[in-house]
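Participant: Structure provided below as structure tokens; questions to follow.
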Amino acid sequence: MQRFNASIGFDRRLAAVDIQGSLAHARMLGAVGVLAAADVVAIERGMATIRDEIAAGTFAFDVALEDVHFAIEKRLTALIGDAGKRLHTARSRNDQVATDTRLWLRGAIDDLDARLTALRRAFATQALAHADVIMPGYTHLQVAQPVTFGHHLLAYEAMFARDAARLADCRKRVNVMPLGAAALAGTTFPIDRERVARELGFDAVAGNSLDAVSDRDFALEFVSVASLAMVHLSRFAEELILWSTSRFAFVTIADRFCTGSSIMPQKKNPDVAELVRGKAARVAGHVTALTVLMKGQPLAYNKDNQEDKEPLFDTVDTLDDCLAIVADLVGTGLAPNPDAMRNAAREGYATATDLADYLVRRGVPFRDAHEVVARAVRAAEARGVDLAELSLAELQAFAPVIGDDVHAVLTLAGSVAARDGVGGTAPARVRAAAQAALAALAADPRRQP
Ligand code: ARG
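Here's what the structure looks like:
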């Protein structure tokens, strides 16, 4: 029972915020006259000692003490006597653990936000550097139209910008204080919750005590937001894996992000990308775990909620690691191979749409133009050449309106340059978008490098 019941093996990560929360609670109890000033001073002194013991690694996180809250309270009482026993006045472990978890998660969110910023900066910086590098854009993983590598990278910057926005929004609901809800119904003592919230940096106090101690929707929301970010990381990881195969050879990933094979000497495996793709699965699993943990729980607190911590901690650790290593890889370990990208775009008839658009500008209805170009592509395919390699006369056989300016639209550079509207892939547009993304990151006071 002792081992089964205990959470101290993992909730010891809450020790620092548990002490922070207890100190704010004790000071408030002193201010409203529930605790004597001398007791508050003793509690502050005892907690300082406990902090030192934890930092020195001498604090005993003993499984017999069940959880971090009991362990710290017991040690406090051993250090300072009765004042330690008075700390838990007007409080329950139920509002205490909910407060601790929210405080801890708020700090984790702020760290992850900085990680996301570094990742977005890496994508935008590389996009600016490679705004002119042409690669095939795909739909259905079939070559579709030429795009620029910079444009492709900025697609990920856009995804991670939304992840950052979701994280910031989630933080608002995390940063609400349960303390004062006590076990479930509030307390008979004249506590000052606003004062505690101010000291702990909470934006608000929870408005319903039953809800405050019982719901873990804030954790579930966070894990969902994290899972979406992991999905984005996983999509990019999948592209890296594909691009670094010899068939694509679009990119070279620096050796330090890869491993060799124990048996095949020629192998260089994209382990980082594969691990990131794989780790997205565990975070998706944590979303399920917390969803099922909450569903069917009657009000108010149930011990089921002790099971929120491991998925939450693992989500933070996993996302933190993945964001850090992918930011490093994108920023310092990813080299595009423009020749391979260009050749792949050429081989895929990527400018077929450009020829159709050209015919439309010459008065051919789009559906007819589509049909004409399909015939031209089949003819080029039969000869094993690109559209651009067909002569003017050969092209005119498919559509007499074709003029001698046609080859300009069939080049890859012409194709991307022509897509210069907002959100388009033209190098000038990509440079402007990358610069705007970097400027937005620099302008946000929370996002200084
Ligand atoms: N370790 C517990 C948890 O994580 C703390 C709260 C325990 N409360 C209780 N009534 N048993 O939820």
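Going by the numbering used here, the residue at position 77 of the sequence shown is 107; the numbering climbs one at a time, nothing skipped.
We treat Cβ as the ideally placed atom computed from N, Cα and C, and that holds for glycine.
1. Quick check on Ala463: does DSSP put it in helix, strand or coil?
2. If you check the beta carbons only, do Leu65 and Ala357 fall under 8 Å apart?
3. Between the C-alpha atoms of Arg123 and Met260, what's the straight-line distance to the nearest angstrom?
4. Closest by CA to Leu240, which one among Gly231, Ala249, Thr217 and Val253?
5. Quick one: Cα of His160 to Cα of Leu183, how far?
6. Do Ala194 and Leu250 have their beta-carbon atoms positioned less than 8 Å apart in this structure?
7. Helix, strand or coil: how does DSSP classify Asn238 here?
8. Under 7 Å Cβ to Cβ from Ala67, same chain only, skipping five residues before and after it: list those, please.
9. For Asp125, tell me which candidate among Val71, Arg42 and Val235 has the shortest Cα-Cα distance.
10. What is the rounded straight-line gap between the Cα of Phe40 and the Cα of Ile221?
11. Buried or exposed: Asn205, going by 16 or more other Cβ atoms within 10 Å of its Cβ?
12. Can you tell which of Phe287, Arg307 and Phe89 has the C-alpha that lies nearest to the C-alpha of Asn299?
13. Does the Cβ of Asn335 lie closer than 7 Å to at least one heavy atom of the ligand ARG?
14. Note down the Cα distance separating Pro479 from Pro395, rounded to an integer number of angstroms.
15. In three-state DSSP terms, what is Ile271?
16. Which of helix, strand or coil does DSSP assign to Thr289?
17. If we ignore side chains and look at the alpha-carbon of each, how far apart do Asp189 and Leu133 end up?
18. Would you say the beta carbon of Lys339 is closer than 7 Å to some non-hydrogen atom of the ligand ARG?
19. Alpha carbons only, please: which of Phe266, Arg81, Tyr379 and Thr321 is nearest the one belonging to Leu546?
20. Which of helix, strand or coil does DSSP assign to Val281?
21. Could you give the DSSP three-state label for Pro341: helix, strand or coil?
22. Nearest to Thr119 by CA position, among Asp69, Asp82 and Leu364, is which residue?
23. When you compare only the Cα positions, how much space is there between Asp344 and Ala443?
24. Taking the alpha carbon of Arg223 as the point to measure from, which residue in Ala54, Arg391, Pro341 and Ala447 has its own alpha carbon closest?
25. Determine, using beta carbons only, whether Gln50 and Ala94 come nearer to each other than 8 Å.
26. Should Ser274 be labelled buried (16 or more other beta-carbon atoms within 10 Å of its own) or exposed?
27. Taking 7 Å as the cut-off, is the beta-carbon of Val360 closer than that to any non-hydrogen atom of the ligand ARG?
28. Quick check on the DSSP output: the beta strand (DSSP E) that includes Ala174 runs from which residue to which?
29. State the Cα-Cα distance for the pair Glu401 and Thr383, rounded to the nearest angstrom.
30. Here's the rule: buried if 16 or more other CB atoms are within 10 angstroms of the residue's CB, otherwise exposed. What is Lys339?
31. Starting from Leu146 and walking both ways along the alpha helix (DSSP H), at which residues does that stretch end?
32. Take the Cβ of Lys325 as the centre, count every other Cβ of all protein chains shown within 10 Å, and call the residue buried at 16 or more, exposed below.
33. Taking C-alpha atoms, which residue in Arg405, Met58, Thr362 and Gly180 lies nearest to Glu229?
34. Taking the alpha-carbon of Phe100 as reference, which of Gly111, Asp48 and Phe248 has the nearest alpha-carbon?
35. Spatial neighbours of Asn129 within its chain, please: C-beta separation below 7 Å, excluding the five flanking residues on both sides.
36. Below 8 Å on the Cβ atoms is my contact criterion, and I expect Asp301 with Thr282 to pass it. Report the Cβ-Cβ distance as a whole number of Å.
Facilitator: Inspection of the coordinates gives the following:
1. helix
2. Taking 8 Å as the cut-off, the beta carbon of Leu65 is found no closer than this to the beta carbon of Ala357.
3. 33 Å
4. Selected option, being the one with the closest Cα: Thr217.
5. Those two C-alpha atoms are separated by around 9 Å.
6. No, these two residues do not count as a Cβ contact at 8 Å.
7. coil
8. Excluding residues within five positions, the ones whose Cβ falls inside 7 Å are Gly60.
9. Val235
10. 31 Å
11. Asn205 is buried by the Cβ-count criterion.
12. Phe287
13. yes
14. With a pLDDT of only 48 at Pro479, under 50, the local geometry of the prediction cannot be trusted, and the value read off the model is given with reservation. Spanning the two alpha carbons is a distance of roughly 52 Å.
15. Ile271 sits in a helix when the DSSP states are folded into three classes.
16. strand
17. Note that residue 189 is Met in the sequence shown here, rather than Asp. Those two C-alpha atoms are separated by around 27 Å.
18. Yes, the beta carbon of Lys339 sits closer than 7 Å to at least one heavy atom of the ligand ARG.
19. One cannot answer for residue 546 here, as it falls past the ends of the chain, which runs 31 to 479.
20. strand
21. helix
22. Asp69
23. Between the C-alpha atoms of Asp344 and Ala443 there is a straight-line separation of about 46 Å.
24. Ala54
25. Between Gln50 and Ala94, the gap from beta carbon to beta carbon reaches 8 Å or more.
26. buried
27. Checking the Cβ of Val360 against the ligand ARG gives no.
28. Residues Gln172 to Thr178.
29. Each residue's Cα considered, the two are about 11 Å apart.
30. buried
31. Arg123 to Ala159
32. Its Cβ having fewer than 16 others within 10 Å, Lys325 is exposed.
33. The shortest CA-to-CA distance from Glu229 to any of Arg405, Met58, Thr362 and Gly180 is the one to Met58.
34. Asp48
35. It should be pointed out that residue 129 corresponds to Thr in this sequence rather than to Asn. The residues are Gly51, Met207, Pro208 and Leu209.
36. With a Cβ gap of about 15 Å, Asp301 and Thr282 do not count as contacting.
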